[in-house]
Structures are given as structure tokens and as C-alpha cells.
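Q: For the record, in the sequence shown the residue sitting at position 10 is 88 according to my numbering, with numbers rising by one throughout.
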Amino acid sequence: MVPVCTLCGKKAWPPSPACPKCFGRTVLKKVEKTGTLVEFSNSYVRGHEGVFGIIEMDGFRLVGSLDDDGKLRKGMKVKMDSCGVNVEGAPFYHFTPATTK
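In C-alpha cells:
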């Protein structure tokens with residue numbers, strides 16, 4: 079779910095009750111769970127090891143963790159398979175490579 083402006087239709091990210099463009103009211107709307115991998119990197123920070131990337135969703139970008147099967151590449155399609163709030167109160171997003179049929 080992403081806040082979308084009721085006046086101009088812009089997605090508000092990070093989430094906000096007011097549109098960053100026209101200051102109109104926002105409402106939550108469902109968006110696709112697939113996006114495009116813009117960039118990715120390995121983290122070696124103790125307790126936060128793994129692969130993280132910037133994912134272009136439908137009109138906004140997220141930073142999330144990624145499953146790395148050794149085939150990650152910029153521009154590939156990925157799918158959000160989980161999201162939520164961790165024990166520290168921070169939001170998290172996890173992506174896997176999208177399968178094509």
C-alpha cells in the first residue's frame with residue numbers, strides 16, 4: 079500500500095498524509111509487488127550482512143534486502159516477497175528475482 083494524492087495522483091514516498099507536490103490529502107492504494115533493480119551492493123556491517131538494493135517500483139523507489147543467487151543484475155525484475163516493521167521499529171522490504179513464465 080502506498081499513499082496516493084487524491085488531487086494530482088502523485089505517490090507520496092516516504093509515506094505522508096499530505097502530497098509533497100500539491101499538499102492534497104493522500105489515501106492508501108495497492109500497488110504492484112514487482113519492480114526493477116536499479117542498483118545493489120553487499121553489506122558487511124556486523125548484524126546487517128547481506129545484499130541490499132534500490133528498487134524502482136511504480137513511481138517511487140525502495141531500499142530492500144535481496145536474495146542473491148549469483149545472477150543479480152541491474153535492470154532485472156524483482157518481486158517483493160515480504161515487508162513489515164522489525165523489532166527496532168524500522169520498516170523492512172525483501173525482494174527476490176521475479177520469475178518469468
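C-beta: ideal position from N, C-alpha, C; glycine also. Note that the coordinates shown come from a computational prediction; the quantities given were computed from them, not determined experimentally.
In this structure, what does DSSP give as the bridge partners for G128?
A: One-based indexing of the sequence shown puts residue 128 at position 50. G128 is bridged to S121.
Q: What are the uninterrupted segments assigned as beta strand (DSSP E) that are 3 or more residues long and contained completely in the segment 80 to 120, given in chain order?
A: 80 to 83, 104 to 107, all fully within the segment 80 to 120.
Q: Looking at the secondary structure, which residues open and close the beta strand (DSSP E) in which T174 lies?
A: Position 96 of the sequence shown, counting from 1, holds the residue named residue 174. Counting along the chain, the beta strand (DSSP E) containing T174 begins and ends at 169 to 175.
Q: For V82, is the classification buried or exposed, using 16 other Cβ atoms within 10 angstroms of its Cβ as the cut-off for buried?
A: For the purposes of this step, residue 82 is taken as residue 4 along the sequence shown, with counting starting at 1. So V82 counts as buried.
Q: Just grab the DSSP bridge partners of L140 for me.
A: As a working note, residue 140 is residue 62 in the sequence shown. Per DSSP, I133.
Q: For P22, which of T114, K107, C86 has the nearest alpha-carbon?
A: Residue 22 falls outside the range modelled here, since the chain spans only 79 to 179, and no answer is possible.
Q: Taking 8 Å as the threshold (C-beta atoms), are M154 and P175 in contact?
A: One-based indexing of the sequence shown puts residue 175 at position 97. One-based indexing of the sequence shown puts residue 154 at position 76. Yes, Cβ-Cβ distance for P175 and M154 is below 8 Å.
Q: Taking G128 as the reference, give the member of H172, V80, M79 with the closest Cα.
A: The sequence position of residue 128 within the sequence shown is 50, counting from 1. Of H172, V80, M79, the residue nearest in Cα terms is H172.
Q: Could you have a look at M154 and say whether DSSP puts it in helix, strand or coil?
A: Numbered from 1 along the sequence shown, position 76 holds the residue referred to as residue 154. Reduced to three states, the DSSP call for M154 is coil.
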